[in-house]
Amino acid sequence: MVLNVKDLAGHTETAFYTQIVGLGILTKTEREVVLGAGNKPLVHLIQTNREEAVKSSYGIYHMAILLPSREDLADIFKHIADLDYPFVGAADHGYSEALYLEDLEGNGIELYRDKPVAEWDIREDGRIVGVTEELSAQEIYDMRLKVEPFVIAKDTRMGHIHLSVKDS
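Just remember that the numbering used here sits 29 ahead of the position in the sequence shown, which is counted from 1.
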């Protein structure tokens, strides 16, 4: 996922993705930083020369980072909550459990894990029914002990990208 950011030079976005999300720096130049899990690139930050906010009403709604397990979701949840970084939402979608936050420039991020397929509501026509219900946040938070320094699980990957588009 490539993101144009306005404050790469000040290192705030890089610090967010390394210190809050737990990604590692894979490569870094004056104008670009590639961050990932293990040696797998997930987020590519590129410095823009624009003073105004990069985010607009169309484009990325959120990037969804897929964690390998519920325990890994618990680890990152506890890590972010213990840092008092604000979440903008959390949900049980029936087929996944998700946490939502925004980076310092307002880019949406979903951190989630897929539930086992046996728990999904799959209809006879193959359609997967999704819901938005309250996440068992306390149960997930209580699953793990504090692990420091936090690093995102190496098998983490980009699950999907949710775009906001205009019907023209």
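Beta carbons are placed, not taken as given, at the ideal position from N, Cα and C, and that holds for glycine.
C-alpha gap between residue i and residue j, whole angstroms
{"i": "VAL83", "j": "GLU153", "result": "No answer about VAL83 holds up, because its pLDDT of 47 lies below 50 and its placement is not dependable."}
{"i": "VAL63", "j": "GLU100", "result": "26 Å"}
{"i": "GLY188", "j": "GLU148", "result": "19 Å"}
{"i": "GLU131", "j": "PRO115", "result": "8 Å"}
{"i": "LYS69", "j": "ALA93", "result": "15 Å"}
{"i": "LEU74", "j": "GLY67", "result": "17 Å"}
Contact under 9 Å by Cβ, residue i with residue j
{"i": "THR16", "j": "ASN33", "result": "No answer is possible for residue 16: it lies beyond the span of the chain, which begins at 30 and ends at 197."}
{"i": "ASP121", "j": "GLU163", "result": "yes"}
{"i": "LYS107", "j": "SER125", "result": "no"}
{"i": "GLY123", "j": "GLY159", "result": "yes"}
{"i": "ASP104", "j": "ARG60", "result": "no"}
Neighbourhood of residue i by C-beta, 7 Å cutoff - its chain only, sequence neighbours within 5 removed
{"i": "ALA110", "result": "TYR170"}
Own chain residues within Cβ distance below 8 Å of residue i, not counting five before or after
{"i": "ILE54", "result": "THR43, THR47, VAL62, VAL63, LEU64"}
{"i": "PRO97", "result": "ARG142, ALA182, ASP184, THR185"}
{"i": "LEU102", "result": "LEU96, GLU126, LEU128, LEU140, TYR141, ARG142, ILE169"}
Residue i classed as buried or exposed, judged by whether at least 16 other C-beta atoms fall within 10 angstroms
{"i": "ASP184", "result": "exposed"}
{"i": "ILE190", "result": "exposed"}
{"i": "LEU37", "result": "buried"}
Extent of the continuous alpha helix (DSSP H) to which residue i belongs
{"i": "HIS73", "result": "Element bounds for HIS73: not the alpha helix (DSSP H) but the beta strand (DSSP E), 69 to 76."}
{"i": "ARG99", "result": "99 to 111"}
{"i": "ALA166", "result": "166 to 170"}
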